[in-house]
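Asks: Numbered per the numbering used here, the sequence shown spans residues 202 to 497.
No residue lacks a Cβ here, since even glycine has one placed at the ideal position from N, Cα and C.
Just so you know, these numbers come straight off a predicted model, no measurement behind them.
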Amino acid sequence: MDPRLLATLEAVVRTGSFATAAAELGYSPPAVSQQIADLERRVGLRVLERRPVRPTQAGQVLLDAELRLRAVLATASAELDAVRDGSTGHVRLGAFASAAAHLVPGALARLDGVGIVLRQVETDAAYLALARGELDLALTFDYELDPVPLPAGLRRLRIAREPVLAVLAADHPLASRPVVDLADLAGDTWVAAPQSCLRLDLVRELTAVRPELRFEGDDFHTVIGLVEAGLCVALLPRLSLRHSAAAVVARPLAGTPLTRDVHATRLDTRHTPQVVLTLERLLAEQSDLIDYGPLL
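#1: Measure the C-alpha to C-alpha separation of L240 and L246 and round it to an integer number of angstroms.
#2: Alpha carbon to alpha carbon, what distance is there between V305 and R269?
#3: Count Cβ pairs between the region 317 to 337 and the region 428 to 448 that sit closer than 8 Å; are there 3 or more?
#4: With D325 as the anchor, note down where its alpha helix (DSSP H) starts and where it stops.
#5: Thinking V322 and G295 are a contact (beta carbons under 8 Å), I'd like their distance in whole angstroms, please.
#6: Which of the three DSSP states, helix, strand or coil, is assigned to E406?
#7: My parser needs the beta strand (DSSP E) runs of 3 or more residues fully inside the region 365 to 445; what are they?
#8: I'd like to know whether the C-beta atoms of A371 and V424 end up nearer to each other than 7 Å.
#9: Excluding the 5 residues preceding and the 5 following P379 in the sequence, name in chain order all residues of the same chain whose CB lies nearer than 8 Å to its CB.
#10: Could you tell me the distance, in whole angstroms, from the CA atom of A220 to the CA atom of E250?
#11: If you run the structure through DSSP and keep just helix, strand and coil, what is L483?
#12: Starting from A296, trace the beta strand (DSSP E) both ways and give me its first and last residue.
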């Protein structure tokens, strides 16, 4: 099977358009159509639904294969580059925002002889980058209330389970309480920030809330600033509150605690000593949050 045909299929599905895929790949739209038709002849099955453009079951099998193939080729390319230029011991590390700010620096300070390329990337994008061979290791997360399925071909190790805390302005009427009940915050303005906080539709399953402030971004510092100004309350994992100088308080929740799991995720294939060493240092850096099993 020609890998170029798989790459064309991936581009058509990702862009949702034969014309856009053709422009991206440097082909004409008829050439892209011919390549998809050639692929369907080779496998003896339809791989695309045309209106709207989406993969069939057979097409999805081929897309999964294309991701694995891309990862293998990317790994081989990186290893050849290392042989060519003599640069050994490099790890391409991805991390979501609060992990990049508060876990990674201390871990990197513990490394000796390992070069790191650090990329800030959120969980869904990190999974894709790992599958494509663009990252060697990534810190990813999901909430207990909102688990994220692990894509095929990846392996993850939970390296931390951290509490989700109620974050209030320092002069909030409940700021002096050691523990806060969500029901007591139901009348407050909540920030709706699905990229940086626990999704409010999940919070509503626990208590009634009325979001009136929406933030579309992944910068948790912005959420903390909004809370500090008295504009809203929020639920944030403890890691995002480390070293914050803002005039806010973070309180545990009454009842069953909410938690977020932090994972070290990589391809489910062979791993280099440099990746293992980086993982060990990441584990050591957040021992106060740690709840993990065997290293590999």
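Replies: The answer reads as follows:
#1: If I take the Cα positions, the gap works out to 9 Å.
#2: In a straight line, the C-alpha of R269 is about 27 Å away from that of V305.
#3: no
#4: T324 to A332
#5: 4 Å between Cβ atoms; contact.
#6: coil
#7: 390 to 393, 411 to 415 and 435 to 438
#8: no
#9: R452 and P453
#10: 15 Å
#11: helix
#12: That run of the beta strand (DSSP E) goes H291 to A296.
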